[in-house]
Each structure stands twice: as structure tokens, then as C-alpha cells.
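Student:
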Amino acid sequence: MGWGKTLTFLPFGERWQMHRKLLQTSFSNTNVRQWHSLQITEARRTIRNILKKPKTWETSLRRLAVAIVLQVSYGTQVLEDDDPYIQIANDAMYATSNGGVPANSIVDLVPFARYLPDCIVRDWSLRFARQWRWAIKKLHDVPFAAAQAEYHRDDHHRNTSLAHHLLREYKDKEFRGQEQQWSLDDIKGAAGAVFIAGADTTWATCVIFILNMVLHPEIQEKAQQELDAVIGTDRLPDFSDRPALVYIEHIVQEIYRWSPLAPLGIPHKSLHDDIYKGMLIPKDTLLRCCYHNEVTRWGGYLISTRTVVYANAYAMAHDERVYKNPHDFNPDRYEAGEPFPVGNFGFGRRVCVGRFLADNSVWIMVATMLSVLRFCKKMSSDGKPIEPRVRFTNGGTCHPEHFDCVIKPRSLEAEALVKSD
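Position in the sequence shown (first residue = 1) + 407 = the working numbering.
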């Protein structure tokens, strides 16, 4: 489909290690703090957009997600809900979310099928990938071309985005005649990985949050009581408040646990034959297979070279041995001692490098929305509340299908507070 130059889908090797090093340094827990002010600004701008047009709240959330990752990866601002970059992200998200379960296409079973025409290989996933490959290519090409054009302006040194940082190093070595560590294609792939990963997951996580606030008004009320007690009603939350907002943290963790966006993670192929003894299926074995490359003797089960293995994040997050009533959305479970979820951001060497940036974006958006907004069920013509349908898409990533709700200011004071910012 066109993800071959992106870290997530690169096979383990020298190029993968180079991409990993590029991104891991830029998105460490310390380095992502430079984007706190951007995330706060975009969260508050999104709230104002929702207050103006509450019926198009999903579009406003898409702008939020795209605005943050595009600024971080390319240094490009997205101010309006109808910005062309949002459509680029939407098309790429559609291609990713509707292309079927990863590693479950005919190409994964018969690799040479990718070279055969549709009239011979009548497989919907292969046909879909060919039809939507342009969306992935556009996501990589358009913002990178804009970043390259901006680089040649006199003020490009002010741009702290990933693409500009890598372009500066690339051009400096080119000028000095030194050997390049990475190609322009590598820079394009690294920045593109940040763009699509952050745009899709941040938006979908915020939608899951709103769905559960509509379904559970008592949770919403408890969270708002905590906000009032901790920070008062005369200002909006910022990242310095996070340690004190314990219940808000529990809500964020419950969003991650209740509906992992990539239920089966990203599948990878084993590099060596692994023998597993006393295998725990699905949790322990699949988790270990995802990042073990040595021959290990757990005995009883043979996983052959090139076998596709999944990390079943959904099963781990809904394990009844760990979580009581796992299908219930219940932030109080963490107060009772149940552990925060694992696996939503991957494991080991394949763990998501942008997890700290993504988590910060989700947290500030959740805290700000709860400070300013109230989420309610839509009423029918006869005055009865309409229960939202809990349905999810099925593909590489899973997110809620559209549902009706009512979003309004929590109070006139809260509305005035965000509008005056």
C-alpha cells in the first residue's frame, strides 16, 4: 500500500535501526516537553471550534490531531477545520483503517501475488491497496515537498520540526562533502510515520473519550469535581496539573484499556525458530514472540522462521484474571489496584516511539474538554434520550463509528474562560 519506507513496517535491520534512532531521540519523554505549549494551544483552539460548530465536533478533533503532528513533523500550521492537510490525513486514515487486518491478505500468504493483475488475483484487500496507494504516497510527498520548499527560505533555522532538523543535518553534510547517514527518502519516511500515526490515534482516542462521557455522565461529573477541587474555576488545566489530577489520569488509562486502537498490534515475522515451553496463550506467548529473536526453549511449541506473530493488546486489556468486568468502562478500577494497561503502544524494540507525545496530546485534550464542555445524549422528538450505538470499524486500526451526541458549554464562566485565552 505504500508504507515500505515507514518505521512501523520496516523489517528489522540496519535501515530500521537508523529510523528508530532518528525518532527515538526526537521523541523521548524529555524532548517532547518542548511541544507542551503547542498541545495546550491546539487543545483550547479545538474547544473554541467545537463551541462554534458543535455538530461538527469530529472534524474539529481531526484538525487537532493533524495540527499537532504536522507542526511537530513538518513545522506546518493547520488552523482551520477545512485545511487540505486534514483531507490528506483522512484519506490515509481511511486506507489504513479499511484495508483489512494486517498480515491477513493474499500477499502475506503468496508474496508474488502483488505482481499479478486483478483479473488473475481476485482478492479485495489487494485491489483495495492498489486503489488507495495514492493516499499513502500523497501523505508522504505533499508535506515533505512543502518542508523542503520552506527550508530554502532565510528563516528555516527557526523551524524545530523533525523534517527541518533532519534536512539541516542532511544539507550540512552535503555542503561539507561528508557521507550521509540517511537519504531524503529516509527523512520523508520518518516524518510521514509521525504524521499518520499521530493523526489517526489521537483523533480516535478523543472520540472514544467522548463516547464514554456520553454513556457515563457520572464519570464525567466526578472528573469535573476533581478539576474544580484541584485547579478551581478561574483557569484551564496545563501539564503542571497532571500529577494532582489522579482521576483524569485514570480516565485516560481506561480509554487506552477499554478499546485499544490496534487490537492486534502490528504483526511481525520471527527472525529465528523459537521453541516455547509452558506457553501462555495468547498473552505471554504472543507478547514474547513479538520481540524475541533468539532461539528460546520454552518447549512444546515451535514457531518457524517467518511465522507471523501478533501481540493481542485487546486480549491483554480484557483479561478477566487481571481486570474485573473488563468490558465495563470504569476508571475506578485503578484506585482499587488494577494495573494500567500494557501493549497499547507496542512492546520492546517495536514500542511506539511517539507514545509520550501522543499521551500528552490525549491528556491535555481530555482535561481541557472536561473543564469547559459537557457531553450529553441526544434527545428524540418525544423527549427520550437516544443511546449511542457502540460500533467500531474493522481494519489495521479500530475506532468508533459516528454516533449522535450533544456538546455544550459546562457553564458560561467556562465558555468565557476558553474564549478569552
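We treat Cβ as the ideally placed atom computed from N, Cα and C, and that holds for glycine. Remember, it's a predicted structure, so these values are computed and weren't measured experimentally.
1) When you compare only the Cα positions, how much space is there between residue 658 and residue 572?
2) According to DSSP, is residue 671 part of a helix, a strand, or is it coil?
3) In three-state DSSP terms, what is residue 815?
4) Confirm, please, whether the CB-CB distance from residue 541 to residue 425 is below 8 Å.
5) Which ranges would you report for the alpha helix (DSSP H) in the stretch 576-635 if only whole runs of at least 4 residues count?
6) Comparing C-alpha positions only, which one of 452, 475 and 420 sits nearest to residue 764?
7) Would residue 616 be called buried (16 or more neighbouring beta carbons within 10 Å of its own) or exposed?
8) Cα-Cα, which of 805, 568, 632 and 635 is closest to residue 502?
9) Please report the distance separating the alpha-carbon of residue 724 from that of residue 730.
10) Below 8 Å on the Cβ atoms is my contact criterion, and I expect residue 496 with residue 644 to pass it. Report the Cβ-Cβ distance as a whole number of Å.
11) Which first and last residues belong to the beta strand (DSSP E) in which residue 455 is found?
12) On the DSSP letters alone, give me the boundaries of the alpha helix (DSSP H) that residue 468 sits inside.
13) Please check the pair residue 816 and residue 458, which I expect to be a contact at CB under 8 Å, by giving their CB distance rounded to whole angstroms.
14) Would you report the Cα separation of residue 772 and residue 819, rounded to the nearest angstrom?
15) Quick check on DSSP: helix, strand or coil for residue 491?
16) With burial defined as no fewer than 16 other Cβ atoms inside 10 Å of the residue's Cβ, what is the status of residue 451: buried or exposed?
17) Quick check on this structure: which residue in 454, 618 and 431 has the alpha carbon closest to the alpha carbon of residue 809?
18) Mapping DSSP to helix, strand and coil, what is residue 427?
19) How would you write the range of the alpha helix (DSSP H) that residue 763 sits in, first residue to last?
20) Using three-state DSSP, classify residue 550 as helix, strand or coil.
21) Taking C-alpha atoms, which residue in 783, 821, 798 and 823 lies nearest to residue 813?
22) Quick check on residue 801: buried or exposed, where buried means 16 or more other Cβ atoms within 10 Å of its Cβ?
23) Rounded to the nearest angstrom, what separates residue 697 and residue 807 at their Cα positions?
Tutor: Looking at the coordinates:
1) To locate residue 658, count along the sequence shown from 1; it is residue 251. To locate residue 572, count along the sequence shown from 1; it is residue 165. The alpha-carbon of residue 658 is positioned some 35 Å away from that of residue 572.
2) Mapped onto the sequence shown, residue 671 falls at position 264. Three-state result, residue 671: coil.
3) Counted from its first residue, the sequence shown places residue 815 at position 408. Reduced to three states, the DSSP call for residue 815 is strand.
4) By 1-based counting over the sequence shown, the position of residue 425 is 18. By 1-based counting over the sequence shown, the position of residue 541 is 134. Their beta carbons are not under 8 Å apart, which means residue 425 does not touch residue 541 by this criterion.
5) The qualifying runs are 591-622.
6) For the purposes of this step, residue 764 is identified with residue 357 of the sequence shown, where counting begins at 1. Ranking 452, 475 and 420 by Cα distance to residue 764 puts 475 first.
7) Translated into positions along the sequence shown, residue 616 becomes position 209. Answer is buried; the Cβ neighbour count reaches 16.
8) Here residue 502 is taken as the residue at index 95 of the sequence shown, counted from 1. Out of 805, 568, 632 and 635, 805 has the C-alpha closest to the C-alpha of residue 502.
9) Your numbering for residue 724 matches position 317 in the sequence shown. Your numbering for residue 730 matches position 323 in the sequence shown. Cα to Cα, residue 724 sits roughly 8 Å from residue 730.
10) To locate residue 496, count along the sequence shown from 1; it is residue 89. To locate residue 644, count along the sequence shown from 1; it is residue 237. The Cβ separation is near 27 Å, so there is no contact.
11) In the sequence shown, the residue the question calls residue 455 occupies position 48. In the DSSP assignment, residue 455 falls outside any beta strand (DSSP E) and within the unbroken alpha helix (DSSP H) covering 443-459.
12) Within the sequence shown, residue 468 is the residue found at index 61, counting from 1. 464-481 is the extent of the alpha helix (DSSP H) around residue 468.
13) Translated into positions along the sequence shown, residue 816 becomes position 409. Translated into positions along the sequence shown, residue 458 becomes position 51. Contact between residue 816 and residue 458 holds, with the beta-carbon distance rounding to 6 Å and staying under 8 Å.
14) Numbered from its first residue, the sequence shown carries residue 772 at position 365. Numbered from its first residue, the sequence shown carries residue 819 at position 412. In this model, residue 772 and residue 819 are separated by some 20 Å (Cα to Cα).
15) For the purposes of this step, residue 491 is identified with residue 84 of the sequence shown, where counting begins at 1. Here residue 491 sits in helix by DSSP.
16) Residue numbering aside, residue 451 sits at position 44 when the sequence shown is read from its first letter. Per the 10 Å Cβ criterion, buried.
17) Numbered from 1 along the sequence shown, position 402 holds the residue referred to as residue 809. The shortest C-alpha separation from residue 809 is found at 618.
18) Position 20 of the sequence shown, counted from the start, is the residue given in the question as residue 427. Of the three classes helix, strand and coil, the one that applies to residue 427 here is helix, per DSSP.
19) For this step, residue 763 is matched to residue 356 along the sequence shown. Boundaries of the alpha helix (DSSP H) around residue 763: 762-779.
20) In the sequence shown, residue 550 corresponds to position 143, counting from 1. Look at residue 550 here: in three-state DSSP terms it is helix.
21) Working through the sequence shown from its first residue, we reach residue 813 at position 406. Ranking the options by Cα distance to residue 813, first place goes to 783.
22) Within the sequence shown, numbered from 1, the residue matching residue 801 stands at position 394. With fewer than 16 other Cβ atoms inside 10 Å of its own Cβ, residue 801 counts as exposed.
23) The residue labelled residue 697 in the question sits at position 290 within the sequence shown. The residue labelled residue 807 in the question sits at position 400 within the sequence shown. Residue placement at residue 697 is flagged as unreliable, the pLDDT there being 38, under the threshold of 50; the coordinate-derived value follows with that caveat. As the crow flies, the alpha-carbon of residue 697 is around 27 Å from that of residue 807.
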